[in-house]
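Numbering (the working numbering), first residue to last: 2 to 125.
Below is one structure, written out as structure tokens, with a few remarks after it.
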């Protein structure tokens, strides 16, 4: 399975709490390919700087140590995010949806608004 962690799922994984058994097992399964988007790092950085979020200072290192692959944001991803129907207006989530659709990834998320798109989901 090819997974993309949304920002909330990534933070739950790093905190080792709050994930369903199904999500935790899928993320931990060495046969699965797990990615973390640059959009999630960007979102975490912004919210952390605003004092709205507590997150590790060594996020990049933790992502790497977790065995997750980084997913850069491409021009194609940006164009696709802009062309998505307006079901969801959060720009970070729209980018994750565009990336998942473009890269054939299943998004690990708790956000029910993602289901408005034709994207594969794994609930957290």
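We put the CB at the ideal spot given by N, CA and C, even for glycine.
Just so we're clear, the structure is a prediction, and the values are computed from it rather than from any experiment.
If you reduce the DSSP assignment to three classes, tell me which class residue i lands in.
i: residue 74; result: coil
i: residue 92; result: helix
i: residue 13; result: helix
i: residue 55; result: coil
What's the C-alpha gap between residue i and residue j?
i: residue 58; j: residue 40; result: 16 Å
i: residue 66; j: residue 60; result: 10 Å
i: residue 18; j: residue 117; result: 27 Å
i: residue 55; j: residue 8; result: 12 Å
Candidates the options: which alpha carbon is nearest residue i's?
i: residue 47; options: 92, 35 and 21; result: 92
Can you round the beta-carbon distance between residue i and residue j to whole angstroms, since I take them to be within the 8 Å contact cut?
i: residue 120; j: residue 69; result: Wrong, their Cβ atoms sit about 19 Å apart, outside the cutoff.
Which first and last residues belong to the beta strand (DSSP E) in which residue i is found?
i: residue 1; result: No answer is possible for residue 1: it lies beyond the span of the chain, which begins at 2 and ends at 125.
What residue range is occupied by the uninterrupted alpha helix (DSSP H) comprising residue i?
i: residue 25; result: 22-29
i: residue 5; result: Premise fails: residue 5 lies in the beta strand (DSSP E), 3-6, not in any alpha helix (DSSP H).
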